[in-house]
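Participant:
Number of protein chains: 4
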Amino acid sequence: MLKIGILGCGRIGQVHARAIKAVEGATVTALADALPQAASALAATTGAEVRSVEAILTAPDIDAIVIGTPTDSHFDQIMGAAANGKAIFCEKPVDMSVDNIRRCIEAVERAGVPFLTGFNRRFDPNFAALRARLRAGEIGAVELVTITSRDPAPPPVSYIARSGGLFRDMMIHDFDMARFLMGEDFVRLHAMGSALVDPAIGEAGDVDTAAVILTTASGRICQISNSRRAAYGYDQRIEVHGALGMLRAENQLETTVELATDQGFRRAPAQHFFLERYEAAYLAEMRAFVTAVTTGTAPEPGIHDGLQAQLLADAATRSRETGQPVDIGG
Amino acid sequence: MLKIGILGCGRIGQVHARAIKAVEGATVTALADALPQAASALAATTGAEVRSVEAILTAPDIDAIVIGTPTDSHFDQIMGAAANGKAIFCEKPVDMSVDNIRRCIEAVERAGVPFLTGFNRRFDPNFAALRARLRAGEIGAVELVTITSRDPAPPPVSYIARSGGLFRDMMIHDFDMARFLMGEDFVRLHAMGSALVDPAIGEAGDVDTAAVILTTASGRICQISNSRRAAYGYDQRIEVHGALGMLRAENQLETTVELATDQGFRRAPAQHFFLERYEAAYLAEMRAFVTAVTTGTAPEPGIHDGLQAQLLADAATRSRETGQPVDIGG
Amino acid sequence: MLKIGILGCGRIGQVHARAIKAVEGATVTALADALPQAASALAATTGAEVRSVEAILTAPDIDAIVIGTPTDSHFDQIMGAAANGKAIFCEKPVDMSVDNIRRCIEAVERAGVPFLTGFNRRFDPNFAALRARLRAGEIGAVELVTITSRDPAPPPVSYIARSGGLFRDMMIHDFDMARFLMGEDFVRLHAMGSALVDPAIGEAGDVDTAAVILTTASGRICQISNSRRAAYGYDQRIEVHGALGMLRAENQLETTVELATDQGFRRAPAQHFFLERYEAAYLAEMRAFVTAVTTGTAPEPGIHDGLQAQLLADAATRSRETGQPVDIGG
Amino acid sequence: MLKIGILGCGRIGQVHARAIKAVEGATVTALADALPQAASALAATTGAEVRSVEAILTAPDIDAIVIGTPTDSHFDQIMGAAANGKAIFCEKPVDMSVDNIRRCIEAVERAGVPFLTGFNRRFDPNFAALRARLRAGEIGAVELVTITSRDPAPPPVSYIARSGGLFRDMMIHDFDMARFLMGEDFVRLHAMGSALVDPAIGEAGDVDTAAVILTTASGRICQISNSRRAAYGYDQRIEVHGALGMLRAENQLETTVELATDQGFRRAPAQHFFLERYEAAYLAEMRAFVTAVTTGTAPEPGIHDGLQAQLLADAATRSRETGQPVDIGG
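Protein chains in written order, with my numbering: chain A, 2 to 331; chain B, 2 to 331; chain C, 2 to 331; chain D, 2 to 331.
1. Looking at chain A, which residues of the stretch 257-271 of chain B have a Cβ within less than 7 Å of any of its Cβ atoms?
2. At the level of alpha carbons, what is the spacing between D:V146 and D:C223?
3. So C:A46 is in the alpha helix (DSSP H); what residue range does that whole segment cover?
4. For D:C105, report the span of its alpha helix (DSSP H) as first-last.
5. List the residues of chain B that D:Q253 touches, going by C-beta distances under 8 Å, in chain order.
6. For B:S228, report the span of its beta strand (DSSP E) as first-last.
7. Grouping DSSP H, G and I as helix and E and B as strand, with all else coil, what is A:Q253?
8. Please name the residue in A:C10, A:A18, A:F90 and A:P37 whose C-alpha comes closest to that of A:F290.
9. Roughly how far, in whole angstroms, is the beta-carbon of B:D209 from the beta-carbon of B:P155, given that I think they are within contact range, below 8 Å?
10. Could you please tell me which residues of the stretch 229-241 of chain C, in chain order, have their CB closer than 8 Å to any CB of chain F?
11. Of all the residues that make up the stretch 277-307 of chain A, which are near chain D by a beta-carbon distance shorter than 9 Å?
12. Give the DSSP-derived three-state secondary structure of A:H242 in the structure shown.
13. Among the candidates D:T257, D:N252 and D:A44, whose CA atom is the shortest distance from the CA of B:T257?
14. For A:H191, return the contacting residues in chain D, with the cut-off set at a CB-CB distance below 8 Å.
15. Measuring CB to CB, does C:A218 end up less than 9 Å from C:F128?
16. Answer yes or no: does any C-beta atom of chain A fall closer than 9 Å to that of D:G331?
17. Does B:L3 have its Cβ less than 9 Å from a Cβ in chain D?
18. Sorry if obvious, but does the Cβ on A:Q311 come closer than 8 Å to a heavy atom of the ligand FAD?
19. Can you tell me whether DSSP reads C:Q15 as helix, strand or coil?
20. Please list the segments of the beta strand (DSSP E) lying wholly inside the stretch 136-212 of chain C, counting only runs of 3 or more residues, in order along the chain.
21. Using the rule of at least 16 other Cβ atoms within 10 Å of the residue's Cβ for burial, across every protein chain shown, is D:D73 buried or exposed?
22. If I measure Cβ to Cβ from A:G331 and keep anything under 7 Å in the same chain, skipping five residues before and after, which residues do I get?
23. At a CB-CB cut-off below 9 Å, which residues of chain A make contact with C:A250?
24. For chain B, find out if any of its Cβ atoms is closer than 9 Å to the Cβ of C:I222; answer yes or no.
25. Taking the C-alpha atoms as reference points, what is the distance between C:T323 and C:M97?
26. What does the Cβ neighbour count give for C:R229, buried or exposed, with the cut at 16 atoms within 10 Å?
27. Starting from C:V294 and walking both ways along the alpha helix (DSSP H), at which residues does that stretch end?
28. Measuring only between beta-carbons, confirm whether B:M183 sits less than 9 Å from chain D.
29. Which residues, in chain order, does the stretch 105-136 of chain D contribute to contact with chain B at a C-beta distance below 8 Å?
30. Can you tell which of D:I214, D:Q78 and D:E255 has its C-alpha closest to the C-alpha of D:P271?
31. Against D:M247, what residues of chain B qualify as contacts under a CB-to-CB distance less than 7 Å, listed in chain order?
32. Going along the chain, which residues of the stretch 137-150 of chain A sit with their C-beta nearer than 8 Å to a C-beta in chain C?
33. Give the residues of chain A in contact with D:T318, contact being defined as C-beta atoms less than 7 Å apart.
34. Pull the bridge partners of C:Q237 from the DSSP assignment, please.
35. Do D:V16 and D:Y283 have their C-beta atoms within less than 9 Å of each other?
36. Could you pull out every residue in the same chain whose Cβ sits closer than 7 Å to the Cβ of A:H393, ignoring the five residues on either side in sequence?
Below you can see the structure in the form of structure tokens.
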């Protein structure tokens, strides 16, 4: 039985607690949150014990840590968990600073602890199936990847102001997905973005609508677009074009019901947001973490994947600010 | 150049005139209609000559007759055309009386003239492709055929009163389609029907909503349903279930445009009615007729197909009236 | 906390145990099965106690019974549960004998215990949403209901031989769905059926492919078709046609991934069978039962719904055997 | 009756001849082609007279010229037609040289002759409907336009070598579509492209796979991607995201038939190429031209639209070559 300590009992911590409950061979032993009520509420539904972060990181009865705290707490918690030999499941982004991520990598590798970066979309059954079929050669060599991500509505401007910006906060998922699908490193990127949804987002120095093109050394192309608003629900689509055809994954709709009237044929909106759409992904992600830790294999996506996605997000941020393409890596 | 005389210059006569114009190797030489203005209007757009029905039937410069007059004129015109050795394209139904159809068959076969019964749906590119793939064995042996036909709106009650009833006027197309797809004769049928769309249709002795089950000697099953009203356009669907899977043909929508809003994903209505949906079918039908006549092969569907569909429509009418199943053939 | 005893720890008992685990306010206290290993295996994953059926039925620490045993055990267990004042969740069919169901109704009503008949499809999120929108008037008055049910593959002939036949074993779900959607009693029915999938099914006196038409007093029509085989997965579709349009629910596919090649556009098969397709339905069903029992409202579908569906299944069986329509009720 | 002279009797000249035949109020009076057989073949099916280009440009019995010759002939023919006061329908691109197009504009405006640039996709019923609904405000202000164009297979390398490159030869259609949909000028563009389909295309100095991002002064974004190869047919899709939702137009498939087997649900490939997909568009385009000329309104898209699209194609070519974004206009 893998005994897990959860740091952070907000929305995402609760998602992971629910997932752990449904995974065989794992249990939530302890949890911590800066807000006492958040911790005790989750303790009540899980049966876990409320402790301090420090107590959890050093506890001998804890095997693995799930980090779902605000991003600026990640660094210390990762360093602490690594120092104490705990397996680590850390929500994205690992850290806003690439330098900090590199220091985490060093600590994690020195300690030899398993590390999973929480890019949950890799575990979505649709995207995972698409990628498996891609790797199985169903459409031959990849030529062009198109990723569309649109949130149902923008977060509060107060959140945006300290989010690191759309490319680091939202599109980072798509950068990881692009890497996951492409199977070759990107070498160049150009990003454009605007504040069209809400001028206040622009005043906060961020964009809410953006498009990026990335290319690999062999010339493969990826285009990503993001919007902070989609009237019809959480829009999460992928399309990969290859030598032999195309693989694409459409949205999951709320139901399969269709209404036909003189206005035409109307299906349901897309599932509202990530809690609905990625419910199965969160479960599969936790199962993959528990399996990797208990069998001694390296979890994927690992901490290097967290670093690479952050590097792309930084590059996109710079490209958007300068209006120039950015070379990556080297 | 196949020289064609058109009898009946109403809506369907105009459809056939347009089709002939687009078919290589055929021309409209003459046309007739009980309403002089209808004839002269169609003459103006085709360049054909207005003549009497009798003159057309006996004209030495006419090779083939297209009959698009009211049903109660068909018998005399078929007999006249056969007597004069003309190839015949006759709109469905051949005649309301099975005895009359049998007399037509005798005359047509004695004269040895080609005869096509205007079951246009066999020529719809979707249904034709479905049937070809069925015959090619893509789903193995047929087990269950489901046919759905719904008109956008009922015709005037005055039309319904002299139409022969829904089974002979509307479902006759589906009976022919059932035979076309099944590839085995039906032996038994049960029909149920109601006037739900308009009580005046019921008062006229007819139904506007109906469902029929038919079975073959080997136990294959076909279910057909009809409605005189569909808010979302002309609903024309087919589904065939076989040992290895299913083949189905969906509606053609007005456009491929889809609108996504907080109400969901909305596509266009189905193409409004038969003129839109079966435009390509009418053209293919005429091309098949001209090709058959000019190459000396037998057109399909022939006059026997017209008879068989009428027998099924008669049986369904009787079944609905008596509430009992009806055995067919023998 | 509603304390539940599960009778029968086979596939469906396990489904219900999993559902109870996920429902707040309910727990599995005890379970029983004729096979000791089945009981102890489920006890191990639920933490419940293994007892005898009798002990569970009379236990003071049990509030509700979930009956997932073979059909011929239902009668005694229902009578026992009612006699001991337990709430009852009983898998369909309640009993193969309409007389027995009537005796159960008497006992249940005398005891005043809540009773839910396990027609799980009413709780499928798609079908439930369709029905709610139907009742909300989105397509006006119902005119024509079409229900399609096809299993991925037939059960063993040994199962079929003691199943009561396709109409009682498989189509009974569709009869309940027809009642659920129509909102008016059926008065007449005609069934046709054949053994096309496997001649051994025919030799066992049953059919594997069937179609039924039902009508209500006001002339509304329902057509149901069943097959014991569908190459493309569990085919579960509903279509309701009304005065203002159509509502339909399509299959849930395994994923949303689509492959486009020179062969066309290929989506995934339908979810394989009921465990996958109705996973959410089973959970919603159990939640509805627990909520009804704990709040003192009558669960739906109740035992009368179990009776009505059985009456339709009996009528369809008779109709298929005699080749004649059957009048219902009165 | 608008009397039309066709210059160029190749594939596209034949398309236009067929369209003119179907448009009321227009006729092909004369035609010319460098290959005598091509001219006489089209003369035979249209009944038009074969003449020289010069004779047609100066003929008093010709009202309008349709230019479907190779691009390097357009300039002289436009200048000749303008000088002789003929209405002009010119295939895209107007000319490879922006300077030449500017001289054509001067000549056309001085002569006051109507001019339509053959961006046929604006007339596709799906795209035209999408745009009309966009303008009607169905999704509010446009924020993000996504255009996907993929040819079924690359043209011969010999063609590519003298085509002006993918951006001028193929993506020019998408640039016009982007302008058509966006309703605001683009100010900046970044293009990336590779030769992934065929290295010989790269050796000829061109690309076969490309993606471009364009932005407008107000920050709206358009992303376009092209491939010279799509196994599943001619891939022509548009998606517009706005404040209130999304409008998109999917491909037209060869038929509506769907096959369901253990491999899943398979629909037909997309219509093969432009002759099939844009058949209705070519007809609507010609009808629009004839209507504009005969009613004295300005045809759209006009010659300025031809210029603007060429400017974008030039900018994209430069961007791809330099690896830098390009500012447009000013």
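Cβ coordinates follow ideal geometry from the N, Cα and C atoms, glycine included.
Facilitator: Taking the definition as stated:
1. A261, T262, D263, Q264, G265, F266, R267, R268, A269 and P270
2. Here residue 146 of chain D corresponds to residue number 145 of the fourth sequence, with the count starting at 1. Here residue 223 of chain D corresponds to residue number 222 of the fourth sequence, with the count starting at 1. One C-alpha to the other measures close to 5 Å.
3. Here residue 46 of chain C corresponds to residue number 45 of the third sequence, with the count starting at 1. First, the amino acid is wrong: residue 46 of chain C is Thr here, not Ala. Per DSSP, C:T46 belongs to the alpha helix (DSSP H) from P37 to T47.
4. Looking up residue 105 of chain D in the fourth sequence gives position 104. Where D:C105 is concerned, the enclosing alpha helix (DSSP H) stretches over V99 to A112.
5. The count along the fourth sequence starts at 1 and reaches residue 253 of chain D at position 252. Near D:Q253 (Cβ distances below 8 Å), the residues of chain B are T257.
6. Along the second sequence, one-based indexing puts residue 228 of chain B at 227. Counting along the chain, the beta strand (DSSP E) containing B:S228 begins and ends at I222 to S228.
7. Start at 1 with the first residue of the first sequence, and residue 253 of chain A comes out as number 252. A:Q253 falls in the coil class under three-state DSSP.
8. Numbered from 1 along the first sequence, position 289 holds the residue referred to as residue 290 of chain A. It is A:F90.
9. As a working mapping, residue 209 of chain B is identified with position 208 in the second sequence. As a working mapping, residue 155 of chain B is identified with position 154 in the second sequence. Going by Cβ atoms, the distance from B:D209 to B:P155 rounds to 6 Å, so yes, they are a contact pair.
10. Absence of chain F from the displayed structure is noted, the protein chains being A, B, C and D.
11. none
12. Here residue 242 of chain A refers to the residue found at position 241 of the first sequence. Note: A:H242 maps to strand in three-state DSSP.
13. Your numbering for residue 257 of chain B matches position 256 in the second sequence. Nearest C-alpha to B:T257: D:N252.
14. The count along the first sequence starts at 1 and reaches residue 191 of chain A at position 190. Neighbours of A:H191 on chain D, chain order: H191, M193, I214 and P326.
15. Start at 1 with the first residue of the third sequence, and residue 218 of chain C comes out as number 217. Start at 1 with the first residue of the third sequence, and residue 128 of chain C comes out as number 127. Result no, Cβ atoms of C:A218 and C:F128 do not sit closer than 9 Å.
16. The residue you call residue 331 of chain D lines up with position 330 of the fourth sequence. Low per-residue confidence applies at D:G331: pLDDT is 49, beneath 50, and the placement is therefore not dependable enough to give any value.
17. On the second sequence, position 2 is the one that residue 3 of chain B refers to. No, no contact with chain D.
18. Annotation note on the ligand FAD: not contained in the displayed structure, which lists no ligands.
19. Within the third sequence, the letter at position 14 stands for residue 15 of chain C. Helix, per DSSP.
20. 143-151 and 187-195
21. For this step, residue 73 of chain D is matched to residue 72 along the fourth sequence. When all chains shown are included, D:D73 counts as exposed.
22. Numbered from its first residue, the first sequence carries residue 331 of chain A at position 330. Annotation note: pLDDT 48 at A:G331 (below 50); position unreliable, no value reported.
23. The count along the third sequence starts at 1 and reaches residue 250 of chain C at position 249. Per Cβ cutoff of 9 Å: T256, T257, V258 and E259.
24. Here residue 222 of chain C refers to the residue found at position 221 of the third sequence. Yes - at least one Cβ of chain B is within 9 Å of the one on C:I222.
25. Stepping through the third sequence from its first residue, residue 323 of chain C is reached at position 322. Stepping through the third sequence from its first residue, residue 97 of chain C is reached at position 96. The straight-line gap from Cα to Cα measures roughly 20 Å.
26. The residue given as residue 229 of chain C occupies position 228 in the third sequence. Buried: at least 16 other Cβ atoms inside 10 Å.
27. For the purposes of this step, residue 294 of chain C is taken as the residue at position 293 of the third sequence. C:V294 -> alpha helix (DSSP H) spans E280 to T296.
28. As a first step, residue 183 of chain B must be located in the second sequence, where it is residue number 182. Taking Cβ atoms only, chain D never reaches closer than 9 Å to B:M183, which makes this a no.
29. P126, N127, A130, L131 and R134
30. Working through the fourth sequence from its first residue, we reach residue 271 of chain D at position 270. Correcting the residue identity first, residue 271 of chain D is Ala in this sequence and not Pro. The residue with the shortest Cα to Cα distance from D:A271 is D:E255.
31. Counting from 1 along the fourth sequence, the entry for residue 247 of chain D is found at position 246. Result: A261.
32. E139 and I140
33. One-based indexing of the fourth sequence puts residue 318 of chain D at position 317. Ordered by position in chain A, no residue passes the 7 Å Cβ test against D:T318, which lies about 16 Å from the chain.
34. As a first step, residue 237 of chain C is located in the third sequence; it is residue number 236 there, counting from the start. Answer is C:S150, bridged to C:Q237.
35. Reading the fourth sequence from its first residue, position 15 is the one you call residue 16 of chain D. Reading the fourth sequence from its first residue, position 282 is the one you call residue 283 of chain D. Going by C-beta atoms, D:V16 is nearer than 9 Å to D:Y283.
36. This structure cannot speak to residue 393 of chain A, because chain A is shown only from 2 to 331.
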